[in-house]
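Residue numbers (this note's numbering), protein chains in the order written: chain L, 119 to 516; chain B, 119 to 516.
Okay, here's the thing in structure tokens:
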């Protein structure tokens with residue numbers, strides 16, 4: 119290309135860029151320096167990818183829809199959502215000629231059993247979890263040994279801003295779990311847990327607390343060494359597992375393993391290694407979706423450990439309190455006395471809404487005290503972030 | 119497909135899988151449950167991806183080579199490296215019809231200015247950074263406010279296993295930097311920094327220390343608000359930036375910014391918020407590649423802050439001690455007195471080897487005391503992990 123033409127092209131590109139400047143900006147979920155995806159002034163979102171020889175390129179946001187990209191110049195494909203994208207966090211994949219992958223312009227978030235792309239569209243609620251000029255806590259990535267699994271396990275632990283300087287203070291602990299296909303990084307990465315808690319604390323809406331995130335997706339069994347017996351026969355798993363596939367966190371067997379991990383290994387480790395208040399009045403367990411089902415079972419199985427239970431859009435539908443959880447809910451008066459809080463929240467557009475509402479109604483009929491919280495929204499992180507801002511202020515008040 | 123045929127196919131798949139069982143295993147860098155990439159018994163590596171309608175699929179490992187995949191059944195593409203892959207950590211991308219992306223079977227690591235895939239091939243040296251049944255430190259992800267940038271910045275801080283329980287102890291600090299296109303997560307994620315230090319400490323080879331990782335890729339300037347003046351005109355950056363592109367960490371101007379971040383903001387923050395020994399005898403600065411160049415400049419600019427300097431495969435070639443760094447190396451006797459250690463390591467197959475060796479020779483000629491460490495290997499993480507196991511034991515001995 120000749121120099122003159124280069125200048126013209128540079129000028130046109132600059133003009134386009136300046137025009138675009140006012141109208142659009144990179145998504146905050148992009149990696150440093152990535153210009154796309156871009157959020158436009160009307161809150162539609164534009165994706166741009168390079169795929170020189172592709173025949174078809176789509177971007178797929180399970181909680182929003184599919185965007186078909188069109189081939190432009192220089193091997194780049196471009197496409198904009200047909201309608202504004204409501205504020206929130208959206209997992210997405212790119213599909214190029216049948217290949218499902220990340221957009222390398224995005225940061226990665228563990229969901230659907232993989233580190234994938236996501237789009238964050240800010241909105242009025244984002245102020246709740248936006249980084250503000252307030253004291254910040256720390257998130258520790260830490261390993262501990264689980265005797266029940268015979269393995270080192272990775273957890274994340276949020277400690278409040280004054281944890282290191284206020285060396286004699288002891289803190290209550292919230293055990294907070296993710297959903298199927300996610301892991302111990304999800305509450306801090308896609309849930310903005312740390313910023314959100316920093317803000318609630320700065321606004322004096324919560325008591326300072328430690329928050330612990332484990333990985334609730336426990337493989338069905340510890341792998342048997344190949345020299346002893348072969349693994350169960352079967353074809354290799356698909357390269358792109360579906361959400362929840364392979365997790366099995368809902369099955370009875372693996373639930374029992376997670377119960378043992380938390381109650382026998384994790385809670386004692388946290389109490390031995392952090393300055394906690396080590397009693398049931400200062401322990402809460404909560405989770406979203408699959409993690410909500412786990413929180414309910416763990417909380418009821420271990421009323422000696424926990425006195426607060428939080429269920430965010432939980433996979434706990436059509437509950438019958440007279441038979442569920444080995445009859446642990448049968449005696450309403452006893453449960454009401456033991457639990458300081460049973461909190462259930464669900465989005466009105468959530469696919470689990472009907473079943474969870476029936477659970478709420480059945481609990482109410484059985485006389486089991488609980489907080490019922492309906493809010494707009496589907497089965498998405500935007501709802502769970504807001505639930506945490508509603509739930510955390512109710513904890514550790516007595 | 120008829121049921122009978124399904125059974126035959128399932129049987130053949132199972133037989134193939136059982137046969138493969140003894141011969142191959144998923145790479146340790148895969149996400150939980152992902153069967154591919156697989157490391158075979160002969161240390162070749164097999165990749166497998168689904169791309170139903172693709173015309174060409176390759177896997178590209180910049181530090182090894184390209185693997186061309188062949189289309190098999192069910193939309194899957196399969197390919198094996200033509201030779202064994204030496205032990206180490208390999209960034210890789212997948213290219214499908216001109217589209218560059220991740221392999222969703224891999225965990226993601228920040229390098230080349232994006233969160234991309236990588237392949238870990240274990241070998242004898244892996245014992246140095248393998249998780250062992252020893253006390254483990256924690257890695258904190260933490261934010262601090264940088265006055266010189268007017269922004270909250272994210273760092274990682276490794277604290278040794280006894281940091282929380284030994285509440286009166288104070289610790290020396292190593293500031294340890296990544297290379298171009300990487301960030302503050304790279305030393306813990308691809309460098310296995312925490313496990314490696316845990317092991318060295320368990321073997322009594324190092325003194326307990328705090329290790330701090332910052333993001334040395336500083337954009338050229340804080341963005342000016344659009345209402346005041348438009349951002350510099352130019353076309354949007356490419357969707358897939360090249361390694362080091364956009365970083366600019368080597369340019370004089372942005373180096374000055376990183377110098378201010380570390381010396382004015384980071385060191386005071388660490389000393390105020392961690393139990394450090396806050397003097398130059400207990401502070402080291404080291405880095406790899408671009409980070410090595412930054413460590414050398416920062417260390418020499420701030421001899422009041424640092425007394426140990428470590429350069430791992432540094433971008434410091436053909437150094438002339440009589441003129442470099444504003445003459446700070448001119449007086450060999452003075453520098454030798456002030457620096458407790460100047461350590462320079464390089465792989466003999468590194469593309470920077472010649473220039474760095476000349477730097478070493480010029481320093482020797484000028485009478486500047488330093489440790490020169492040559493080892494087999496290229497410009498790769500496997501070498502830098504080993505350099506850390508050589509360098510850390512020499513720190514904080516007097």
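Cβ atoms here follow ideal geometry from the backbone N, Cα and C, with glycine treated the same way.
Task: Of the residues B:457, B:397, B:380, B:240, the one placed nearest residue 147 of chain B, counting alpha carbons only - done: If you number the second chain from 1, residue 147 of chain B lands on position 29. Of the listed residues, the one whose Cα sits closest to residue 147 of chain B is B:240.
TODO: Identify every run of the beta strand (DSSP E) within the stretch 275–326 of chain L, keeping only runs that are complete inside it and at least 3 residues long; order them along the chain.
DONE: 291–295
Open item on the list: Taking beta-carbon pairs under 7 Å, can you tell me which members of the stretch 279–304 of chain L lie near chain B?
Closed with: 282, 285
Task: Straight-line Cα distance separating residue 313 of chain B from residue 259 of chain B - done: Reading the second chain from its first residue, position 141 is the one you call residue 259 of chain B. Reading the second chain from its first residue, position 195 is the one you call residue 313 of chain B. Each residue's Cα considered, the two are about 16 Å apart.
TODO: Determine the extent of the alpha helix (DSSP H) in which residue 512 of chain B is found, giving its start and end residues.
DONE: If you number the second chain from 1, residue 512 of chain B lands on position 394. No alpha helix (DSSP H) contains residue 512 of chain B, which DSSP labels as neither H nor E.
TODO: Give the DSSP-derived three-state secondary structure of residue 192 of chain L in the structure shown.
DONE: As a working note, residue 192 of chain L is residue 74 in the first chain. In this structure, residue 192 of chain L counts as helix in the three-state DSSP scheme.
Task: 8 Å Cβ cutoff, residue 249 of chain L in contact with chain B - done: Locating residue 249 of chain L in the first chain gives position 131, counting from the first residue. Chain B, which has a Cβ nearer than 8 Å to the Cβ of residue 249 of chain L, makes this yes.
Open item on the list: Taking 8 Å as the limit between beta carbons, can you name the residues of its chain near residue 497 of chain B, skipping five residues before and five after?
Closed with: Within the second chain, numbered from 1, the residue matching residue 497 of chain B stands at position 379. Counting only Cβ-Cβ distances below 8 Å, and skipping sequence neighbours, we find 181, 407, 431, 465, 468, 469, 470.
TODO: Report the neighbours of residue 193 of chain B on chain L: residues whose CB is nearer than 7 Å to its CB, in chain order.
DONE: Indexing the second chain from 1 puts residue 193 of chain B at position 75. Those within 7 Å of residue 193 of chain B in chain L are 216.
Open item on the list: Following a CB-centred definition, is residue 286 of chain B positioned closer than 7 Å to any heavy atom of the ligand COA?
Closed with: The ligand COA is not part of this structure, which contains no ligands at all.
Task: Reduced DSSP secondary structure (H/G/I, E/B, other) of residue 143 of chain B - done: Translated into positions along the second chain, residue 143 of chain B becomes position 25. Residue 143 of chain B falls in the strand class under three-state DSSP.
- [ ] Return the Cβ separation of residue 276 of chain L and residue 257 of chain L in integer angstroms, given the expectation that the two are a contact with Cβ distance under 8 Å.
- [x] The sequence position of residue 276 of chain L within the first chain is 158, counting from 1. The sequence position of residue 257 of chain L within the first chain is 139, counting from 1. Between residue 257 of chain L and residue 276 of chain L the Cβ distance is about 5 Å, and since that is below 8 Å, they are a contact.
TODO: Measure the alpha-carbon distance for residue 450 of chain B versus residue 248 of chain B and round it to whole angstroms.
DONE: By one-based count along the second chain, residue 450 of chain B stands at place 332. By one-based count along the second chain, residue 248 of chain B stands at place 130. Roughly 40 Å between the two C-alpha positions.
- [ ] Grab me the residues of residue 457 of chain B's own chain with a C-beta within less than 7 Å of its C-beta, minus the 5 sequence neighbours each way, in chain order.
- [x] The count along the second chain starts at 1 and reaches residue 457 of chain B at position 339. If we look at residue 457 of chain B and ignore the five residues flanking it on each side, its Cβ neighbours are 425, 427.
TODO: Could you give the DSSP three-state label for residue 161 of chain B: helix, strand or coil?
DONE: Numbered from its first residue, the second chain carries residue 161 of chain B at position 43. It is coil, neither helix nor strand.
- [ ] Return helix, strand or coil for residue 423 of chain L, following the three-state DSSP convention.
- [x] The sequence position of residue 423 of chain L within the first chain is 305, counting from 1. Three-state result, residue 423 of chain L: coil.
TODO: Can you tell me which of B:230, B:305, B:316, B:373 puts its alpha carbon nearest to the alpha carbon of residue 501 of chain B?
DONE: Residue numbering aside, residue 501 of chain B sits at position 383 when the second chain is read from its first letter. The shortest C-alpha separation from residue 501 of chain B is found at B:305.
Task: Reference residue 393 of chain L; option with closest CA among L:287, L:332, L:308 - done: Locating residue 393 of chain L in the first chain gives position 275, where the first residue counts as 1. Nearest option by C-alpha distance: L:287.
Open item on the list: By the 8 Å beta-carbon criterion, what residues does the stretch 152–183 of chain L contribute toward chain B?
Closed with: 152, 153, 154, 166, 167, 168, 169, 170, 171, 172, 173, 174, 175
Task: Residues near residue 515 of chain B in its chain [Cβ-Cβ closer than 6 Å; skip 5 each side] - done: Locating residue 515 of chain B in the second chain gives position 397, where the first residue counts as 1. Result list for residue 515 of chain B: empty, nothing under 6 Å.
Open item on the list: Give me the residue from L:194, L:485, L:401, L:162 with the minimum Cα distance to residue 292 of chain L.
Closed with: For the purposes of this step, residue 292 of chain L is taken as residue 174 along the first chain, with counting starting at 1. Taking only the C-alpha atoms, the option nearest residue 292 of chain L is L:401.
Open item on the list: Let me check understanding here. Comparing Cα to Cα, which of L:244, L:173, L:168, L:263 lies closest to residue 218 of chain B?
Closed with: Counted from its first residue, the second chain places residue 218 of chain B at position 100. The option with the nearest alpha carbon to residue 218 of chain B is L:168.
Open item on the list: Check for me: the beta strand (DSSP E) holding residue 464 of chain B runs from which residue to which?
Closed with: As a first step, residue 464 of chain B is located in the second chain; it is residue number 346 there, counting from the start. Element bounds for residue 464 of chain B: 459–465.
Task: Check whether residue 246 of chain L and residue 208 of chain L have beta carbons under 8 Å apart - done: Mapped onto the first chain, residue 246 of chain L falls at position 128. Mapped onto the first chain, residue 208 of chain L falls at position 90. Contact: no.
- [ ] For residue 441 of chain B, count neighbouring Cβ atoms within 10 angstroms of its own Cβ and tell me buried if that reaches 16, exposed if not.
- [x] Locating residue 441 of chain B in the second chain gives position 323, counting from the first residue. Burial call: exposed.
Task: chain B contact for residue 497 of chain L (CB, 8 Å cutoff) - done: As a first step, residue 497 of chain L is located in the first chain; it is residue number 379 there, counting from the start. No, residue 497 of chain L does not count as interfacial toward chain B.
- [ ] Give me whichever residues DSSP pairs with residue 218 of chain L in a beta bridge.
- [x] On the first chain, position 100 is the one that residue 218 of chain L refers to. In the DSSP output, where bridge partners are listed per residue, residue 218 of chain L has L:213.
TODO: Identify the contact partners of residue 270 of chain L in chain B, using a Cβ-Cβ distance below 7 Å as the criterion.
DONE: Locating residue 270 of chain L in the first chain gives position 152, where the first residue counts as 1. Correct list: 249.
Open item on the list: I want to see whether chain B comes within less than 8 Å of residue 263 of chain L, judged by CB atoms only; does it?
Closed with: Counted from its first residue, the first chain places residue 263 of chain L at position 145. Interface residue, yes.
Open item on the list: Classify residue 200 of chain L: buried if its beta carbon has 16 or more other beta carbons within 10 angstroms, exposed otherwise.
Closed with: Numbered from its first residue, the first chain carries residue 200 of chain L at position 82. Residue 200 of chain L should be labelled exposed.
- [ ] Please confirm if the stretch 261–268 of chain B is in contact with the stretch 376–394 of chain B, defined as three or more CB-CB distances below 8 Å between the two stretches.
- [x] yes
Task: Candidates B:331, B:141, B:172, B:170, of which the one nearest residue 160 of chain B by Cα - done: Against the second chain, residue 160 of chain B aligns to sequence position 42. The shortest Cα separation from residue 160 of chain B among B:331, B:141, B:172, B:170 belongs to B:141.
- [ ] Put residue 470 of chain B into one of helix, strand or coil per three-state DSSP.
- [x] Walking along the second chain from the start, residue 470 of chain B turns up at place 352. DSSP places residue 470 of chain B in coil when its eight states are reduced to three.
Open item on the list: If the criterion is Cβ atoms closer than 8 Å, does the pair residue 418 of chain L and residue 446 of chain L meet it?
Closed with: Position 300 of the first chain holds residue 418 of chain L. Position 328 of the first chain holds residue 446 of chain L. Yes, the pair counts as a contact, with Cβ atoms nearer than the cut-off.
Task: residue 250 of chain L to residue 242 of chain L span [Cα, whole Å] - done: Working through the first chain from its first residue, we reach residue 250 of chain L at position 132. Working through the first chain from its first residue, we reach residue 242 of chain L at position 124. Cα to Cα, residue 250 of chain L sits roughly 15 Å from residue 242 of chain L.
Task: Buried/exposed call for residue 307 of chain L, threshold 16 Cβ in 10 Å - done: To locate residue 307 of chain L, count along the first chain from 1; it is residue 189. So residue 307 of chain L ends up on the buried side.
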